[in-house]
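Just so you know, the sequences run in chain order A and B.
First residue of the first sequence? That's 0 in numbering that gives the first Met the number 0, and the numbers climb one at a time after it.
First residue of the second sequence? That's 0 in numbering that gives the first Met the number 0, and the numbers climb one at a time after it.
Beta carbons are placed, not taken as given, at the ideal position from N, Cα and C, and that holds for glycine.
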Amino acid sequence: MGINFRGEIMPVFLKEEDISLVLCGEAGQGIQTVEAILAQAVKQSGYNIFSTKEYMSRVRGGQNSTEIRVSSHRVASYVDRIDILLALSSGAIDHLRDRISQDTLIIGDPEHIKSAKEEKTAGFSLDSNFIEVPLMETAQEMGGPIFANVIAAGALSCLLNIPQEIFDGLISDMFTRKGQEILQKDLKAGEAGYNIGKGLMESEKTPIHLSLHGKSSVRDELLINGTDAMGFGCLAGECRFMSSYPMTPSTPLQTFLASNAHDFELVYEQAEDEIAAINMALGASYAGARSIVATSGSGFALMEEGVGLSGMIETPVVICIGQRPGPAVGLPTRTSQEDLNLALYSGPGEFPRVIFAPGKLEDAFTLTRLAFNMAEKYQVPVFILFDQYFADCYYNIPSLPLEDVENENYLVKTTPEYKRYLITHDGVTPRGIPGYGDGLVVVDSDEHDEAGHITEDLKIRTQMVDKRLQKMEQIMEDAVAPELVGGDDYHSLIIGWGSTYWPIREALENITRKHPDEKLGFLHFKQVYPFHKSVAEYLEKAEDVIILENNAQGQLANLIKLETGFEIQEKFLKYDGMPFSVEEVEERVMKFMGIGDDGIRGDDRAQDGGEVLK
Amino acid sequence: MKPRDFDMPDADVAWCAGCGNLAILRSLKTALAELEIQPENLVFVSGIGQAGKLPHYIKGNLFNGLHGRSLSPATGIKAANPELTVIDVSGDGCMYGEGGNHFMHTIRRNPDITNLVHNNMVYGLTKGQASPTSQRDFNTPLQVDGVFLEPFNPLAVAIALNASFVARAFSGDRKQIIEIFKAAIEHKGYAMVDIFQPCVTFNKVNTRNWFREHTYYLEDDHDPLDRNEAFRRATETGEYPLGIFYKNSKKSTFEENLSIYQEEKTPLFQRKFHRGKLQALVESKR
């Protein structure tokens, strides 16, 4: 929301409804600690919260930032706008230069904001935008620069009117395990931060007032990120085996399952490489354990041979690909949607597969669970495409549909006559596993007969290809429908998939609020292969269609053309490694619709702050 | 049980007459019968190559996967159901070439599986190229100037990695190979048997007679618990020792180390869904 200036000499910063706070510093400064504390503190105080981080691929140095949106209404997407920037390093302001406006309030240690403050040429001409706080000096008093993060968190927490008991409680939760001495120091650092915050609120020159309306119901909501949602989905899908190789941004999902392995009776094994990972998972799956691998594009490239094996031996496996910009190593810590083609065409030969791409936390949970069930039901590889942005972003949601969790058991006890690839009416052979029943379970990566033994009989070959591909018919019947946001009387239609859901949806709601007569819809694909049968109809109904993708070629647009014949003319493609922001989506969609932009930033926005994201 | 209990009468065997694989197959059936292992509880895992076809000719469950990768599914199968007897049947190209990384790390992981590696020092399926164990100066259509790479020494590598069971057998000595197979299958932990075998079609150098003339058995007083001695014997060339080089029974297996089997032995597919725990975990995020 905008910042109002009361008088020219003594500006008062008054921010309402929806505040975008950004913390920026070097790797190793504990920005993530601040994010974790603030996110919880905000939620516990009854405010809605969204946070996302962007970081460099390094353990020390560089510039990393975290955006925390604190709002009276639900927020779930990244915005470019920065209302308050807390600069924890000298490079912070420069790093975020493009996102800083005249309305941005920059708080930082004198040392860290000095050079930007002195610079008059780059739009930072308002001295009053800078507020100096003695962060480093205070940290020194507390015991060293490492306390700067907690002091900063305390100061922001105070500005957000978060009761100090909540803040202290969170500090205790986080630091108790490090011992009393460290805990006490951190509590003191937090206290010092609160004092700095109070000073800012009571300052005669530039008092800051943030007014937000908390709701007690928010306090009881879940605060999770995309990784958590997928992890819960794995547990709900009765995942029993994960073998993987660490690779950003899939590593947190691996950590999630490893840390829950004891309680949920599953195996996590760090494989020597991605090739071993998928082959190990297929072995476990063959023996009856619901199995998963998680990786990123380049790691998945190593798994491709295993995808073909899954298709050939009709052994289920769930494959999570955390997309990041490629090719090869690319930008390891950034986000992208570049691996749809990779997943879709991976593995030699022809066989069915399913690809999901969740965009909401609830969907990530539901689709991940569904992935295990679809893999078991049809004995195929099932993919989940996510990305760095989705894996790392947190927001509060009321609940997850845990009560609906019922998993069907698709395994059968074998008899002595059991044939693993018996030809059936729908291509699906009841799946036996070794050691369960009196039969033998023979699977072969070579073309095989019904018993699973190697064959070069070309008639059998054709029958087996048909058997495998026949499963696609039923898989298409089970496809998850795309979600239409907005009325079905749309004239203009936005297409998106995966993690772009909320930025597009928030932009759409902003546009329709300002232009209620515009008939704008948004069709979000949560299953990108095979398509649900409704897709073509949705597209044909629209007068104009625009697609947004985090890749350079419009991979989903191309697939839509291939599958439906519908050619999408307008594409908004972003592939710099950053997610779409609400503002840029709004601006681009308005341009697409031929309506003027009547002010994304500034005072007009302040009056728009009603319900977003119902 | 009888060896014929493992017969597959309809199998269309694709090996040449006189192939060492035929002898290995017969000996393996005898070893399994003598150990009274039921085919229903036995899983063969193999890759691609002439050795990888063996499980199609013997009764048991089978995961015939990708070239070089057999140890990975074997590990996954045993971890998902430790009640199964898992035997990986592979060849020198599959195991030491394409699958070299898995070979090393499976030894480190130490699943309770048996790893039989048919070693004929040549590629059979692809018709006569060098394998990682081909000896120097071996001429092939691809190694036209003869092999000049150092031959891979699987036993020395395995012992260096402190593998829990390391042996070498010769396909032509039925009595000894059966005993070695039985010891390997009964051993708790990863057990490797490198099997010298002739390839009658593509290796005219390392023939049956060559193996007979260039091998001898480790002495009765060889101490398989002595790792340094085992390593020294594994590096002998010219005359190659046969027998059990090294055993380390103290190592815990991969499955034993998994938390899921600490209290309960039930295979993973029979475990119950933890609805309550999941609800509690999700609730903890409120």
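Open item on the list: By DSSP's criteria, W501(A) is part of a beta bridge. Which residues make up the other side?
Closed with: The residue labelled residue 501(A) in the question sits at position 502 within the first sequence. For W501(A), which the question treats as bridged, DSSP gives no partner whatsoever.
- [ ] Examine chain D for any beta-carbon lying closer than 8 Å to the beta-carbon of N372(A), and answer yes or no.
- [x] The structure shown has no chain D; the protein chains it does contain are A and B.
Open item on the list: For the structure I just gave you, are there three or more beta carbon pairs, one from the segment 68-86 of chain B and one from the segment 464-471 of chain A, closer than 8 Å?
Closed with: no
Task: Interfacial residues, the segment 252-274 of chain A to chain B, with Cβ spacing under 8 Å - done: N259, A260, H261, D262, F263, E264, L265, V266, E268, A270, E271, D272, I274
Open item on the list: The beta strand (DSSP E) that contains A86(A), what's its start and end?
Closed with: Position 87 of the first sequence, counted from the first residue, corresponds to residue 86(A). First-last of the beta strand (DSSP E) with A86(A): 83-86.
- [ ] For chain B, find out if any of its Cβ atoms is closer than 8 Å to the Cβ of R368(A); answer yes or no.
- [x] Position 369 of the first sequence, counting from 1, holds the residue named residue 368(A). So, not an interface residue.
- [ ] Run down chain A in chain order and give the residues with a C-beta less than 7 Å from the C-beta of L21(B).
- [x] In the second sequence, counting from the first residue as 1, residue 21(B) sits at position 22. Per Cβ cutoff of 7 Å: no residues; L21(B) is ~17 Å from chain A at best.
Open item on the list: Which complete alpha helix (DSSP H) runs does the segment 533-581 of chain A hold, if anything under 4 residues is left out?
Closed with: 534-540, 554-563
- [ ] Tell me, please, whether the CB atom of F240(A) is closer than 8 Å to any CB atom in chain B?
- [x] Position 241 of the first sequence, counting from 1, holds the residue named residue 240(A). Yes, F240(A) counts as interfacial toward chain B.
Open item on the list: Let me check one thing: in DSSP terms, what residues is W496(A) bridge-paired to?
Closed with: Walking along the first sequence from the start, residue 496(A) turns up at place 497. Note: W496(A) sits in a beta bridge opposite F524(A).
Open item on the list: So, does the segment 318-330 of chain A touch the segment 378-386 of chain A, judging by three or more C-beta pairs under 8 Å?
Closed with: yes
- [ ] Give the interface partners of L401(A) over in chain B, defined as CB-CB distance under 8 Å, in chain order.
- [x] What you label residue 401(A) is simply residue 402 of the first sequence in a count that begins at 1. Near L401(A) (Cβ distances below 8 Å), the residues of chain B are R274, L277, Q278, V281.
Open item on the list: Rounded to whole angstroms, what is the Cα-Cα separation between F174(A) and L186(A)?
Closed with: What you label residue 174(A) is simply residue 175 of the first sequence in a count that begins at 1. What you label residue 186(A) is simply residue 187 of the first sequence in a count that begins at 1. Cα-Cα distance, rounded: 9 Å.
TODO: For the alpha helix (DSSP H) holding M229(A), just list the boundary residues, first then last.
DONE: As a first step, residue 229(A) must be located in the first sequence, where it is residue number 230. Residues 225-235.
Open item on the list: So, at 7 Å on beta carbons, what are the nonlocal neighbours of F137(B) in its own chain, with the 5 sequence-adjacent residues on each side left out?
Closed with: Residue mapping note: residue 137(B) aligns to position 138 of the second sequence, counting from 1. If we look at F137(B) and ignore the five residues flanking it on each side, its Cβ neighbours are A129, G145, V146, V204.
Task: Identity of the residues DSSP links to V411(A) by a beta bridge - done: The count along the first sequence starts at 1 and reaches residue 411(A) at position 412. In the DSSP output, where bridge partners are listed per residue, V411(A) has G431(A).
Open item on the list: Going by the DSSP bridge assignment, what does D87(B) pair with across the sheet?
Closed with: As a working mapping, residue 87(B) is identified with position 88 in the second sequence. Answer is V44(B), N114(B).
Open item on the list: To test your reading of the DSSP string, which unbroken beta strand (DSSP E) runs of 3 or more residues are found completely within the segment 8-70 of chain B?
Closed with: 41-45, 60-63
TODO: Check each residue of the segment 68-90 of chain B: if its Cβ is closer than 7 Å to any Cβ of chain A, include it; give the result in chain order.
DONE: R68, S71, P72, A73, T74, G75, I76, A78, A79, N80, E82, L83
- [ ] Kindly list the residues whose CB is nearer than 6 Å to the CB of A73(B), restricted to its own chain and excluding five residues on each side of it in sequence; keep chain order.
- [x] Against the second sequence, residue 73(B) aligns to sequence position 74. Once the five neighbours on either side are set aside, the close Cβ partners of A73(B) are V44, V85, D87, I112.
- [ ] Starting from the Cα of F358(B), find the closest Cα among Q134(B), V116(B), E282(B) and give me that residue.
- [x] Outside the displayed span of chain B (0 to 285) sits residue 358(B), for which this structure offers no information.
Task: chain A contact for E33(B) (CB, 8 Å cutoff) - done: Reading the second sequence from its first residue, position 34 is the one you call residue 33(B). So, not an interface residue.
TODO: For my contact list, R135(B) and F253(B) are in at a C-beta cut-off of 8 Å; report their separation, rounded to the angstrom.
DONE: The residue you call residue 135(B) lines up with position 136 of the second sequence. The residue you call residue 253(B) lines up with position 254 of the second sequence. The pair is not a contact, with the Cβ atoms about 36 Å apart (cut-off 8 Å).
Task: L339(A) - containing beta strand (DSSP E), residue span - done: For the purposes of this step, residue 339(A) is taken as residue 340 along the first sequence, with counting starting at 1. Unbroken run through L339(A) is the alpha helix (DSSP H), 339-344; no beta strand (DSSP E).
Open item on the list: Please classify D91(B) as buried or exposed, where buried requires at least 16 neighbouring CB atoms within 10 angstroms.
Closed with: Residue 91(B) sits at position 92 when you count from the first residue of the second sequence. Result: buried.
Open item on the list: Within 8 Å of any Cβ in chain A, is that where the Cβ of N40(B) sits?
Closed with: In the second sequence, residue 40(B) corresponds to position 41, counting from 1. By this cut-off, N40(B) is an interface position.
- [ ] At 8 Å on the CB atoms, spell out the chain B contacts of F231(A), in chain order.
- [x] The residue labelled residue 231(A) in the question sits at position 232 within the first sequence. Simply L277, L280, V281.
Open item on the list: Using 8 Å for Cβ pairs, my map puts L252(A) next to M229(A). What's the rounded Cβ distance?
Closed with: The sequence position of residue 252(A) within the first sequence is 253, counting from 1. The sequence position of residue 229(A) within the first sequence is 230, counting from 1. So it is a contact: roughly 6 Å between Cβ atoms.
TODO: Verify the CB distance criterion: does G305(B) have a CB-CB separation below 8 Å to chain A?
DONE: One cannot answer for residue 305(B) here, as it falls past the ends of chain B, which runs 0 to 285.
Open item on the list: What does the Cβ neighbour count give for G275(B), buried or exposed, with the cut at 16 atoms within 10 Å?
Closed with: Along the second sequence, one-based indexing puts residue 275(B) at 276. With fewer than 16 Cβ atoms within 10 Å of its Cβ, G275(B) is classed as exposed.
- [ ] In angstroms with no decimal places, state the Cα-to-Cα distance between K187(B) and E548(A).
- [x] Start at 1 with the first residue of the second sequence, and residue 187(B) comes out as number 188. Start at 1 with the first residue of the first sequence, and residue 548(A) comes out as number 549. Cα to Cα, K187(B) sits roughly 53 Å from E548(A).
Open item on the list: Is it the case that the segment 34-53 of chain A contacts the segment 67-74 of chain A, given that we only count it when at least three CB pairs across the two stretches are under 8 Å?
Closed with: yes
Task: Distance CB(A32(B))-CB(M0(B)) smaller than 8 Å - done: Translated into the one-based positions of the second sequence, residue 32(B) becomes position 33. Translated into the one-based positions of the second sequence, residue 0(B) becomes position 1. Against a cut-off of 8 Å, the Cβ pair of M0(B) and A32(B) comes out as a contact.
- [ ] Could you tell me whether the Cβ of N256(B) comes closer than 8 Å to any Cβ of chain A?
- [x] As a position in the second sequence, residue 256(B) is number 257, starting the count at 1. No, N256(B) does not count as interfacial toward chain A.
Open item on the list: Short of 8 Å Cβ to Cβ, which residues in the segment 425-459 of chain A face chain B?
Closed with: I432, P433, G434, Y435, G436, D437, G438, L439, V440, V441, V442, D443, S444, D445, G451, H452, I453
Open item on the list: Can you tell me whether L224(B) is buried or exposed? The criterion is at least 16 other CB atoms within 10 Å of its CB, across all chains shown.
Closed with: Translated into the one-based positions of the second sequence, residue 224(B) becomes position 225. L224(B) should be labelled exposed.
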